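One structure is given here, and the rest of the page talks about it.
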Amino acid sequence: MNRYDFQELFKGIGAKSADLRKKNVMIIGAGGLGTVVADMLHREGVQLRIVDKGRVELPDIQRQTLYIEDDNNRFKAKQVKKRLEIIDAKNSVKTFHEEMVNDNLFLLDSADVIIDCSNDLETMKMIGDYVKKKTPLINCKYAGSNGAIFISGKKHLFKKVVDKIKIGDIENEGIINATVHLAAGVIVSQALKTLIGEKITDNFIVFDVWKDQIRRVSI
Numbered sequence: 012m013n014r015y016d017f018q019e020l021f022k023g024i025g026a027k028s029a030d031l032r033k034k035n036v037m038i039i040g041a042g043g044l045g046t047v048v049a050d051m052l053h054r055e056g057v058q059l060r061i062v063d064k065g066r067v068e069l070p071d072i073q074r075q076t077l078y079i080e081d082d083n084n085r086f087k088a089k090q091v092k093k094r095l096e097i098i099d100a101k102n103s104v105k106t107f108h109e110e111m112v113n114d115n116l117f118l119l120d121s122a123d124v125i126i127d128c129s130n131d132l133e134t135m136k137m138i139g140d141y142v143k144k145k146t147p148l149i150n151c152k153y154a155g156s157n158g159a160i161f162i163s164g165k166k167h168l169f170k171k172v173v174d175k176i177k178i179g180d181i182e183n184e185g186i187i188n189a190t191v192h193l194a195a196g197v198i199v200s201q202a203l204k205t206l207i208g209e210k211i212t213d214n215f216i217v218f219d220v221w222k223d224q225i226r227r228v229s230i
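Using this note's numbering, the final residue of the sequence shown is 230, and nothing's skipped along the way.
Right, dumping it as structure tokens:
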């Protein structure tokens, strides 16, 4: 059996399954959303590059699925690579123990899709300004049971919707892991569409997983 038999059976991908193995996604942040997105894309056979300078903390494990208790206080970049390679050692994973700042934005240049899981509006703005029309970009802000996902082809209209994002911070509102899993499902499906060449439209999606609500906001 082939690792990707069921992926190939899915009519949305089908014969384009092999194309995914040639694609590269950059993920900014290996936290709650970043680890779930990385896990999902890695299992789909997509090559990954992941940037994060932080360390694992015990409360993170509630939602950051690739870490275990023994990872407490260890660098996320090292541990996320270790876990992903256990899942599939053949699929390429490169990690960077760095904070995403203006001086290293060049790391984004070779990506086919960029997924910003930093959960930080200033970082989201910085990355959006840098990639402009060059690369498809997906951003997400989330806390509690709420999330706002911005999916951009190459128009990058993020600045037009940033003021509509009324999502708080995890430090104040907490988080449940269902929030990041819902967001990750939307993000990964959109990333896969882009990677196989399907045209996507700019979408701004807001949701509240606790209240069973999800809607698209016009841009």
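C-beta: ideal position from N, C-alpha, C; glycine also. Treat the numbers as computed from the prediction; the structure is a model and nothing was measured.
For the pair the segment 70–78 and the segment 88–102, tell me if three or more CB-CB distances fall below 8 Å. yes
8 Å Cβ cutoff, V57 in contact with chain C: The structure shown contains no chain C, having only a single protein chain.
Residue span of the beta strand (DSSP E) that contains T106, given as start and end: Taking the first residue of the sequence shown as 1, we reach residue 106 at position 95. V104 to F107 is the extent of the beta strand (DSSP E) around T106.
Give me the residue from G155, N157, I138 and S156 with the minimum Cα distance to I149. Here residue 149 refers to the residue found at position 138 of the sequence shown. For the residues G155, N157, I138 and S156, the minimum Cα distance to I149 belongs to I138.
Enumerate in chain order the residues of its own chain whose CB-to-CB distance from R85 is below 6 Å, with the five nearest sequence positions on each side excluded. Mapped onto the sequence shown, residue 85 falls at position 74. V67, listed in sequence order.
May I ask which residues mark the beginning and end of the alpha helix (DSSP H) holding M137? In the sequence shown, the residue the question calls residue 137 occupies position 126. Counting along the chain, the alpha helix (DSSP H) containing M137 begins and ends at L132 to V142.
Determine the DSSP secondary structure at L148, reduced to helix, strand or coil. As a first step, residue 148 must be located in the sequence shown, where it is residue number 137. It is a strand residue.
Integer-rounded CB distance, given that I61 should sit under 8 Å from A49: Taking the first residue of the sequence shown as position 1, residue 49 is located at position 38. Taking the first residue of the sequence shown as position 1, residue 61 is located at position 50. Yes, they are in contact, since the Cβ atoms of A49 and I61 sit about 6 Å apart, within 8 Å.
Given a cut-off of 8 Å on the beta-carbon distance, is the pair I216 and V199 in contact? For this step, residue 216 is matched to residue 205 along the sequence shown. For this step, residue 199 is matched to residue 188 along the sequence shown. No, the pair does not count as a contact, with Cβ atoms beyond the cut-off.
Closest residue to G164 among V142, N35 and G158 (Cα-Cα distance): As a working note, residue 164 is residue 153 in the sequence shown. Among V142, N35 and G158, the Cα nearest to that of G164 belongs to V142.
Are the segment 172–182 and the segment 151–158 touching by the rule of at least three beta carbon pairs closer than 8 Å? yes
Could you tell me how far apart the beta carbons of V104 and H53 are, in whole angstroms, since I believe they sit closer than 8 Å? Mapped onto the sequence shown, residue 104 falls at position 93. Mapped onto the sequence shown, residue 53 falls at position 42. Indeed they touch by this definition, with Cβ atoms about 7 Å apart.
C-alpha gap between I211 and T205, whole angstroms: As a working mapping, residue 211 is identified with position 200 in the sequence shown. As a working mapping, residue 205 is identified with position 194 in the sequence shown. Going by the C-alpha atoms only, they are around 7 Å apart.
What residue range is occupied by the uninterrupted beta strand (DSSP E) comprising S163? Locating residue 163 in the sequence shown gives position 152, where the first residue counts as 1. Residues N157 to S163.
Quick one: what's Y153 bridged to in DSSP? In the sequence shown, counting from the first residue as 1, residue 153 sits at position 142. Note: Y153 sits in a beta bridge opposite G158.
Mind checking whether V228 and A189 have CB atoms under 8 Å apart? Against the sequence shown, residue 228 aligns to sequence position 217. Against the sequence shown, residue 189 aligns to sequence position 178. Their beta carbons are not under 8 Å apart, which means V228 does not touch A189 by this criterion.
Take L119 and list the residues in its own chain whose beta-carbon comes closer than 8 Å to its own, dropping the five residues that flank it on each side. Residue numbering aside, residue 119 sits at position 108 when the sequence shown is read from its first letter. Around L119: M37, I125, I138, Y141, V142 and T146.
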